[in-house]
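In the working numbering, the protein residues as written are 1479 to 1731.
If you want it as structure tokens, here you go:
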């Protein structure tokens, strides 16, 4: 789901200002949740600790600002491979903050994954391509902090509450930058953002449910499958041919 979302958002971010695309993606993520709000009432989605929701939204917004700035500039497979640093930060954070058991096999897997990321990123650390790879890399710890906060929120908030307030807080935080270079979207772009809102909400619902049920560190190995989907979608939609370093790094990962 996230790979499809990323592909669609990459196309939209190439047509509109990336920060406007970020704002509209989360605005429509909130729109698709309105039927649930209508059905269950606003009281059912009132958070127990609103400060935690806004803190999570702030970290996620900073990660998104970096991510969307780099999104139109690098291939989908490279973007996904660089994003694999996220699970490494999450595993370390889960050990430090949640005292989750981290056997030596998990540390070894994280180290090998980081080597794979360096193989992908290393050849591109010069010129404009290298700069945007570093920008994408900088978003990973921000997203890791956001997801660790999500894990913490699942202890006393429902999945629905976390999902609604993520869309709401990111929409609020993203609005100022979106207005700087605002363009009126076409009908097809509006439809694209509506689809993105659905895919994003669905993906984050599944993600948050997994964090509630299992140790967050134990869910991270599945993330590495994203490179397969991103490579296929990037090739089919954008004619991106994964570089040899991306393929080698993906095999290592």
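For each residue, glycine too, the CB sits at the ideal point set by N, CA and C. The structure displayed is predicted, hence computed values, not measured ones.
For residue 1503, report the span of its alpha helix (DSSP H) as first-last.
1496-1509
Using the Cβ count rule (16 or more neighbours within 10 Å means buried), how would you classify residue 1524?
exposed
Can residue 1725 be considered in contact with the ligand NAD, in the sense that its beta carbon sits closer than 8 Å to one or more heavy atoms?
What this structure holds is no ligand at all, so the ligand NAD is not there to describe.
Please report the Cβ distance between residue 1483 and residue 1678, rounded to the nearest whole angstrom; I am assuming they are in contact, meaning their Cβ atoms lie under 8 Å.
The C-beta separation of residue 1483 from residue 1678 comes to about 6 Å, placing the pair in contact by the 8 Å criterion.
Quick one: residues in its chain with C-beta nearer than 7 Å to the C-beta of residue 1635, no 5 flanking neighbours on either side, listed in chain order?
1525, 1526
Should residue 1562 and residue 1594 be called a contact, given that it needs their Cβ atoms to be closer than 9 Å?
At the C-beta level, residue 1562 and residue 1594 come within 9 Å of one another.
Comparing C-alpha positions only, which one of 1479, 1528, 1688, 1507 sits nearest to residue 1625?
1688
May I ask which residues mark the beginning and end of the alpha helix (DSSP H) holding residue 1571?
1563-1575
Check whether the region 1661-1678 touches the region 1484-1491, taking contact to mean three or more Cβ pairs, one atom from each stretch, closer than 8 Å.
yes
For residue 1632, the nearest candidate out of 1497, 1650, 1692, 1590 (CA to CA)
1692
Distance check for residue 1629 and residue 1577, CA to CA, integer angstroms please.
13 Å
Closest Cα partner of residue 1504 within the set 1597, 1663, 1714, 1648
Of 1597, 1663, 1714, 1648, the residue nearest in Cα terms is 1648.
Is residue 1617 closer than 9 Å to residue 1544 when the C-beta atoms are compared?
yes
In whole angstroms, give me the CA-to-CA distance for residue 1500 and residue 1582.
38 Å
Hey, out of 1714, 1491, 1506, 1492, whose CA is closest to residue 1680's CA?
1506
Measure the alpha-carbon distance for residue 1696 versus residue 1591 and round it to whole angstroms.
15 Å
Sequence-distant residues of its chain with Cβ nearer than 8 Å to residue 1719 (five each side left out):
1713
Could you name the residues of the same chain whose beta carbon sits closer than 8 Å to that of residue 1627, not counting the 5 residues immediately before and after it, in chain order?
1530, 1533, 1534, 1537
Could you check whether residue 1513 and residue 1546 sit closer than 9 Å to each other, using their CB atoms as the reference points?
Taking a C-beta distance under 9 Å as the contact criterion, residue 1546 and residue 1513 do not qualify as a contact pair.
Taking the Cβ atom as the reference point for each residue, do residue 1574 and residue 1622 lie within a distance shorter than 9 Å?
For residue 1574 and residue 1622, no; Cβs fall outside 9 Å.
I'd like the span of the alpha helix (DSSP H) that includes residue 1667, first residue to last.
Residues 1665-1691.
State the CB to CB distance for the pair residue 1510 and residue 1676, rounded to an integer number of angstroms; the pair is presumed to be in contact (CB under 8 Å).
Between residue 1510 and residue 1676 a beta carbon distance of about 5 Å is seen, short of the 8 Å cut, so the two are scored as contacting.
Who are the near neighbours of residue 1645 in its chain, counting only those whose CB is closer than 6 Å to its CB and skipping five residues on each side?
1504, 1507, 1508
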